[in-house]
Amino acid sequence: MIKEKRLVENFIRLIKIDSISREEKQLAEFLSKKIEDLGFDYEFDQAGEKVSSNSGNLIIRIKGNIPNRIPILFSAHMDTVTPGKNINPIIDGEKIKSDGKTILGADNKAAIAAILEALQILKENNLSYGDMEIVFSICEEIGLKGARYLDLNQIRAKMAFVLDAGGSVGKIIHSAPSQDTFEINIYGKSAHAGAQPEEGINAIQVAGVALSRMRLGRIDEETTSNIGVISGGEATNIVPDKVILKGEVRSRNQEKLINLTTEIKKIIEDTTRGFKTRAAIKINEEYCLYNLSPQEKVVKLALQAAKRLGVEPLLTSTGGGSDANIFNQKGLPSVVLSIGVEKAHSLEEYILIQDLKKTTEYILALIEEAKLGEKD
């Protein structure tokens with residue numbers, strides 16, 4: 000039923016529409032026209048105003064032709080990371096990639112293309128299906144901001160499938176971490192580096208000592224930490240009086256997350272005290288973990304659909320966050336599904352055409368399993 004030529008052409012068209020975070024409007028308008036042509040209802044919410052994007056989340060509501068089935072939701076995000084402007088997609092045999100100057104944007108436009116193709120197939124073949132909703136979110140790549148401001152009171156779905164993971168189709172992510180981010184301003188005291196260095200307090204040195212005491216990288220199978228940005232200093236002849244550190248802690252165990260974040264904060268406080276100076280520490284709780292049981296309905300349905308597709312399912316956890324973290328936090332059971340993207344967020348990003356097709360088939364299998372499942 001899948002029309003490969005149409006699927007690939009739609010994917011290429013989506014890729015060529017620039018949609019870096021906070022600039023999703025052109026893509027959103029293109030998608031809303033596609034949805035209108037298919038005869039489905041849609042609306043934009045007000046999330047864009049809250050996160051300084053030029054578009055809101057695009058919410059699509061599809062009335063099923065079989066009544067009283069459990070309504071399900073499919074989700075993908077419209078935004079891409081940078082460099083994501085003027086992407087030139089290249090079809091190289093079975094592989095679709097960029098020209099190497101930008102990302103490809105298959106994260107997450109491969110999912111969007113597959114959803115559109117699945118909807119086309121439902122209409123063309125007069126297939127039966129229950130009620131569905133689709134959310135094309137904004138600003139996922141910069142902190143899950145679109146999902147954060149999505150009003151789930153307006154969503155009828157009882158479970159969600161977030162199509163947003165790399166690797167082979169059939170991978171089902173049922174567990175993901177919480178994340179804390181932090182910004183640390185370490186203050187020193189400026190002085191002339193040649194004439195009077197002893198009168199200064201070198202903020203870079205203070206930061207270095209603090210960093211040497213931190214546990215960074217892989218802490219255990221559930222927990223990671225990282226310092227990703229360091230900035231400070233003005234000139235080689237000035238003892239620097241300020242350094243900024245930006246980092247994060249993630250864990251699929253909330254107690255471990257709290258303990259490690261607290262540990263980093265204490266290291267900063269103890270180190271600055273030892274140098275007779277101070278620091279300002281700002282910690283943000285970005286999103287909460289989820290750990291869904293294999294017996295959860297959304298997990299069971301994903302497993303059944305993979306088997307229907309003839310794919311060996313892989314139930315696994317991840318170290319990354321997604322819109323599913325927000326959905327689960329708000330009470331909507333959600334899993335993340337792989338869509339075949341490889342090397343996402345890099346200039347080497349690519350996807351195979353067969354994985355575009357397989358993702359479409361998986362969506363259709365999920366719709367079929369939901370249709371055959373328990374009544375709402």
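The sequence shown maps to residues 0 to 375 in numbering that gives the first Met the number 0. Cβ atoms here follow ideal geometry from the backbone N, Cα and C, with glycine treated the same way.
Answer with buried or exposed for residue i, where buried requires no fewer than 16 other C-beta atoms within 10 angstroms of its C-beta.
i	result
Pro66	exposed
Gly99	exposed
His76	buried
Met0	exposed
Gln119	buried
Val228	exposed
Arg217	exposed
Thr339	Reading the sequence as shown, one finds Gly at residue 339 and not Thr. Gly339 should be labelled buried.
Asn9	buried
Asn236	exposed
Ala305	buried
Ser18	buried
Glu360	buried
Work out the CA separation of residue j and residue i for me, nearest whole Å.
i	j	result
Arg5	Glu116	8 Å
Arg21	Gly372	38 Å
Ser74	Ala159	7 Å
Ile282	Asn64	48 Å
Pro88	Asn125	33 Å
Ile137	Ile280	29 Å
Asn225	Ser250	12 Å
Lys352	Lys94	The identity of residue 352 in the sequence shown is Ile, whereas the question assumes Lys. Cα to Cα, Ile352 sits roughly 6 Å from Lys94.
Lys33	Ser189	59 Å
Ser52	Glu3	33 Å
His191	Val238	6 Å
Lys49	Gly55	9 Å
Val7	Ile111	12 Å
Asn107	Asp163	6 Å
Asn201	Phe274	9 Å
Gln25	Lys84	13 Å
Ser292	Ala175	12 Å
Gly231	Tyr349	37 Å
Ala156	Gly207	50 Å
Gly92	Ile266	53 Å
Leu244	Ile185	8 Å
Ala343	Gln195	50 Å
Asn152	Leu72	14 Å
Tell me which residue opens and which closes the alpha helix (DSSP H) that residue i is part of.
i	result
Ser31	Lys24 to Leu37
Phe10	Glu3 to Ile14
Ile69	Segment: none, Ile69 is in no alpha helix (DSSP H) and carries neither H nor E.
Tyr361	Ile352 to Leu371
Would you mind reading off the limits of the beta strand (DSSP E) that contains residue i?
i	result
Asn324	Element bounds for Asn324: not the beta strand (DSSP E) but the alpha helix (DSSP H), Asp322 to Gln328.
Asn225	Thr222 to Gly231
Ser250	Lys241 to Ser250
Glu42	Asp40 to Phe43
Leu313	Leu313 to Ser316
Figure out for me which residue from the options has the closest Cα to the Cα of residue i.
i	options	result
Ile141	Val80, Pro196, Gly38 and Ser174	Val80
Gln328	Leu288, Thr315 and Phe29	Leu288
Glu28	Leu72, Thr101, Phe135 and Pro70	Phe135
Lys370	Ser167, Tyr128 and Glu3	Tyr128
Glu383	Leu72, Val248 and Lys275	This structure leaves residue 383 out entirely; the chain is present only between 0 and 375.
Asp322	Ala194, Ala192, Glu347 and His173	His173
Leu308	Leu151, Glu221 and Lys357	Lys357
Asp179	Met131, Asn236, Ile257 and Gln195	Ile257
Thr101	Thr317, Asn107, Ile86 and Val161	Ile86
Asp150	Leu355, Leu363 and Gly330	Gly330
Glu198	Leu37, Gly187 and Val205	Gly187
Ile59	Ile133, Ile16 and Pro196	Ile133
Thr261	Arg214, Gln294, Leu302 and Ala156	Arg214
Ala278	Leu72, Lys296 and Ala209	Ala209
Gln253	Glu284, Lys241 and Leu13	Glu284
Thr223	Gly193, Gly246 and Ser211	Gly246
Leu103	Glu233, Lys241 and Arg12	Arg12
Val334	Glu295, Leu363 and Ile366	Glu295
Every unbroken alpha helix (DSSP H) within the region 124 to 179, with a cutoff of 4 residues, ordered by chain = 144 to 147
Completely contained beta strand (DSSP E) runs for the region 75 to 130, where each covers 3 or more residues = 89 to 91 and 94 to 96
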